[in-house]
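First to last, the protein sequences are chains A and B. Residue numbering for the first sequence follows my numbering, beginning at 618 and increasing consecutively. Residue numbering for the second sequence follows my numbering, beginning at 2 and increasing consecutively. The structure appears below as structure tokens.
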Amino acid sequence: DIVLTQSPDSLAVSLGERATIKCRSSQSVLYIANKENFLAWYQCKPGQPPRLLMSGATTREFGVPDRFTGSASGTDFTLTISGLQAEDVAVYFCHQYFNPPYTFGQGTKLEIK
Amino acid sequence: QITLKESGPTLVKPTQTLTLTCTLSGFSVSTSEVSVGWIRQPPGKALEWLALISWDDSQRYSPSLRSRLTITKDTSKNQVVLTMSNMDPEDTATYYCARRPLRSPFDYWGLGTLVTVSS
């Protein structure tokens, strides 16, 4: 199984500042045919279904603010939220859809400092 | 407009079998290159993928739960059904169904249904 390890488990960031969440994969999730990493990021808020933020590690979904940015380096992935807003308080999960079983990271809880 | 809606019991007893239904709208369970999966989230814990059924009827399961899961689809009703046998209190979770296009992550999700396992 591909294990995704997120860091940190939780973080508190001041409004307007930058939040950085990391996800390390135990194996490559690179789809060779199109050189795309099959890694996604989700935002989870209480009482709501997960919201897909990023696919292909770096492609922002339609309607996601451009303060959300995804990056990749080998098997290390990063979600950066620039200019944190109150509505960004949530738990964030990375997810690999490269190989079954399709796994998720353990989650990172983002709060306002 | 694409929507998915989960339905089923909110309370089951230990050892019982859980049956959940996902009703699709805005796309068909037979749409080419589209799959529907089930994912669960215990209270305060991480998301866990359970099963996936594809347009061509192929099925995939979480190895750790494979012996307890069955995923099927009903084309006439445009539904996907998940059964999980031998329920345990540790299976208490919000269960989601979600759409997954080929070579893409789960994009549309249902609102989820909370299932509590308790005697």
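Backbone N, C-alpha and C fix where the C-beta goes; we use that ideal spot for every residue, glycine too. All figures in this text were calculated on a predicted structure; none of them were measured in a lab.
Residue range of the beta strand (DSSP E) that includes residue i
{"i": "Phe694 of chain A", "result": "693-698"}
{"i": "Arg684 of chain A", "result": "Unbroken run through Arg684 of chain A: none, as it is neither H nor E."}
{"i": "Ile72 of chain B", "result": "70-75"}
{"i": "Tyr709 of chain A", "result": "707-713"}
{"i": "Lys730 of chain A", "result": "First-last for Lys730 of chain A: undefined, no H or E at that position."}
{"i": "Pro102 of chain B", "result": "94-102"}
{"i": "Trp658 of chain A", "result": "656-661"}
{"i": "Leu115 of chain B", "result": "114-118"}
{"i": "Ala636 of chain A", "result": "636-642"}
{"i": "Thr24 of chain B", "result": "19-26"}
Cα-Cα separation, residue i to residue j
{"i": "Gln702 of chain A", "j": "Leu632 of chain A", "result": "6 angstroms"}
{"i": "Gly9 of chain B", "j": "Thr686 of chain A", "result": "37 angstroms"}
{"i": "Ser65 of chain B", "j": "Trp110 of chain B", "result": "23 angstroms"}
{"i": "Pro106 of chain B", "j": "Pro667 of chain A", "result": "12 angstroms"}
{"i": "Trp56 of chain B", "j": "Ser31 of chain B", "result": "5 angstroms"}
{"i": "Pro704 of chain A", "j": "Lys14 of chain B", "result": "In the sequence as presented, Pro is not what sits at residue 704 of chain A; that position holds Glu. Distance between the alpha carbons of Glu704 of chain A and Lys14 of chain B: 38 angstroms."}
{"i": "Leu51 of chain B", "j": "Ser63 of chain B", "result": "5 angstroms"}
{"i": "Ser77 of chain B", "j": "Gln665 of chain A", "result": "29 angstroms"}
{"i": "Ile40 of chain B", "j": "Pro625 of chain A", "result": "23 angstroms"}
{"i": "Thr692 of chain A", "j": "Ser643 of chain A", "result": "7 angstroms"}
{"i": "Leu727 of chain A", "j": "Ala707 of chain A", "result": "6 angstroms"}
Expected contact under 8 angstroms - CB spacing of residue i and residue j to nearest Å
{"i": "Ser36 of chain B", "j": "Leu53 of chain B", "result": "5 angstroms"}
{"i": "Gln713 of chain A", "j": "Val646 of chain A", "result": "5 angstroms"}
{"i": "Ser672 of chain A", "j": "Ala657 of chain A", "result": "5 angstroms"}
{"i": "Gly38 of chain B", "j": "Arg104 of chain B", "result": "Not really, about 14 angstroms apart at Cβ, beyond 8 angstroms."}
{"i": "Thr114 of chain B", "j": "Thr95 of chain B", "result": "7 angstroms"}
8 angstroms Cβ cutoff met for residue i and residue j
{"i": "Val681 of chain A", "j": "Leu670 of chain A", "result": "yes"}
{"i": "Cys640 of chain A", "j": "Gly722 of chain A", "result": "yes"}
{"i": "Gln660 of chain A", "j": "Tyr719 of chain A", "result": "no"}
{"i": "Cys711 of chain A", "j": "Leu621 of chain A", "result": "yes"}
{"i": "Met85 of chain B", "j": "Arg69 of chain B", "result": "yes"}
{"i": "Leu12 of chain B", "j": "Ser119 of chain B", "result": "yes"}
{"i": "Asn79 of chain B", "j": "Thr16 of chain B", "result": "no"}
{"i": "Cys98 of chain B", "j": "Glu7 of chain B", "result": "yes"}
{"i": "Tyr648 of chain A", "j": "Phe694 of chain A", "result": "no"}
Partner residues on chain A for residue i, Cβ-Cβ distance less than 7 angstroms
{"i": "Ser63 of chain B", "result": "Pro718"}
Under 8 angstroms by beta carbon: chain B residues contacting residue i
{"i": "Gln572 of chain A", "result": "Here chain A comprises residues numbered 618 to 730, so residue 572 of chain A is not present and cannot be evaluated."}
Closer than 7 angstroms at the beta carbon, the chain B residues around residue i
{"i": "Phe694 of chain A", "result": "Neighbours of Phe694 of chain A on chain B: none; closest Cβ ~13 angstroms, over 7 angstroms."}
{"i": "Ala657 of chain A", "result": "Pro106"}
{"i": "Pro682 of chain A", "result": "None at all; the shortest Cβ gap to chain B is about 18 angstroms."}
Residue i: contacting residues in chain B (beta-carbon distance under 9 angstroms)
{"i": "Tyr648 of chain A", "result": "Arg104"}
8 angstroms Cβ cut-off: residues of chain A touching residue i
{"i": "Gly111 of chain B", "result": "Pro666"}
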